Amino acid sequence: MILGAVLAGGSGSRMGGGVPKQFLPLCGKPVLIRTLEPFFLCEEIEKILVAVPEGWQDRTAELVQNAFGAPERFEILPGGGDRTQSLLLAAGRAAQLDPSDDAILITHDGARPLVTPELIRQTVQAARETGGATAAVPAVDTVAVADGGMIRRIPDRSALWQIQTPQTFRLAMLLRAAASLSSAERAGLTDACGIFAARGLPVRLVAGSRHNLKLTTPDDLLLAEALLGSRQKNTP
187 MILGAVLAGG SGSRMGGGVP KQFLPLCGKP VLIRTLEPFF LCEEIEKILV AVPEGWQDRT
247 AELVQNAFGA PERFEILPGG GDRTQSLLLA AGRAAQLDPS DDAILITHDG ARPLVTPELI
307 RQTVQAARET GGATAAVPAV DTVAVADGGM IRRIPDRSAL WQIQTPQTFR LAMLLRAAAS
367 LSSAERAGLT DACGIFAARG LPVRLVAGSR HNLKLTTPDD LLLAEALLGS RQKNTP
């Protein structure tokens, strides 16, 4: 079974506006619906779990019903206190739906609305082969390690990648690795790949896209509107 977990439990405080960023409008639809559309188009994904802030479940269910009219493919979950908690809650629910070793879980940021079905499928194929996979793009800017406002070290840029989502895993491997983490290791996680990395498990890099941006600030929303508008204009 292939399952999706769209993590949209954050408050989006850096976006401003008083509404979680995943519910802001993007070219006439909420950001979250834009994010869910490519998952809905992947018919091989049997269940799409959507983790949202506490108190937003009913509104999300209404939006999903109006957009897709297929409630059986979606399940709305209350998000956790942070991203890792939301991830583990969704992964636990996915394991209840399919406890087999063959289950695949696709995890994705609810605020990355420009993902494509093709990229989702590419991470699924890579995860089947290696156990874990993530979309990523090569770093183009020089990155410095700093301390106290001073550069201490400049790593070799050719070895650096910017990690995106989807991040896709064999679900049983993900849960076993997560269960083995210490409290300190869990507190240091920033995404699902960190769980595999902490245990030395392989995660294959899949070529992502610089259009697959995560919406964090109002400028990101403006850029997404321009990119989505251009995509729609060029779609027959």
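Here the sequence shown is numbered in this note's numbering, starting from 187 and rising by one per residue. Note that CB positions come from ideal geometry on N, CA and C, so glycine has one too. In this text the structure is predicted, and so the values were computed from the model without any measurement.
| Query | Result |
| --- | --- |
| Three-state secondary structure assigned by DSSP to Arg314 | helix |
| DSSP three-state assignment for Ala412, whether helix, strand or coil | helix |
| Spatially closest choice to Lys400 from Ala256, Pro299, Gly190, by CA coordinates | Pro299 |
| Thr293 and Leu273 closer than 9 Å at C-beta | yes |
| Contiguous beta strand (DSSP E) assignments of at least 3 residues, all confined to the region 321-402 | 331-333, 336-339, 347-356, 390-393 |
| Own chain residues within Cβ distance below 8 Å of Ala363, not counting five before or after | Ile381, Phe382, Ala384, Arg385, Leu387 |
| Straight-line gap, Pro285 to Ala330 (C-alpha atoms, nearest Å) | 43 Å |
| Segment contact flag, the region 348-365 with the region 306-320, C-beta cutoff 8 Å, min 3 pairs | yes |
| Cβ pair Leu218, Phe209 closer than 9 Å | yes |
| C-beta contact flag for Val310 and Ile188 at 9 Å | yes |
| Classification of Arg269 by the beta-carbon crowding that lies within 10 angstroms, buried from 16 upward | buried |
| Three or more C-beta pairs below 8 Å linking the region 231-238 and the region 274-281 | yes |
| Sequence-distant residues of its chain with Cβ nearer than 6 Å to Gly226 (five each side left out) | Per the sequence shown, residue 226 should be read as Phe rather than Gly. Counting only Cβ-Cβ distances below 6 Å, and skipping sequence neighbours, we find Phe254. |
| Pair within 9 Å by beta-carbon distance, Pro206 and Pro239 | yes |
| Bridge partner(s) assigned by DSSP for Ile219 | For Ile219, which the question treats as bridged, DSSP gives no partner whatsoever. |
| N-terminal and C-terminal residue of the beta strand (DSSP E) that Phe260 is part of | 260-264 |
| 8 Å CB neighbourhood of Pro216 in its chain, flanking five on each side removed | Gln208, Phe209, Leu210, Leu249 |
| Asp406 versus Arg372 - alpha carbon distance | 29 Å |
| Cross-strand partners of Ile188 (DSSP beta bridge) | Ile231, Ile290 |
| Residue range of the alpha helix (DSSP H) that includes Glu240 | Glu240 -> no alpha helix (DSSP H), and no H or E assigned at all. |
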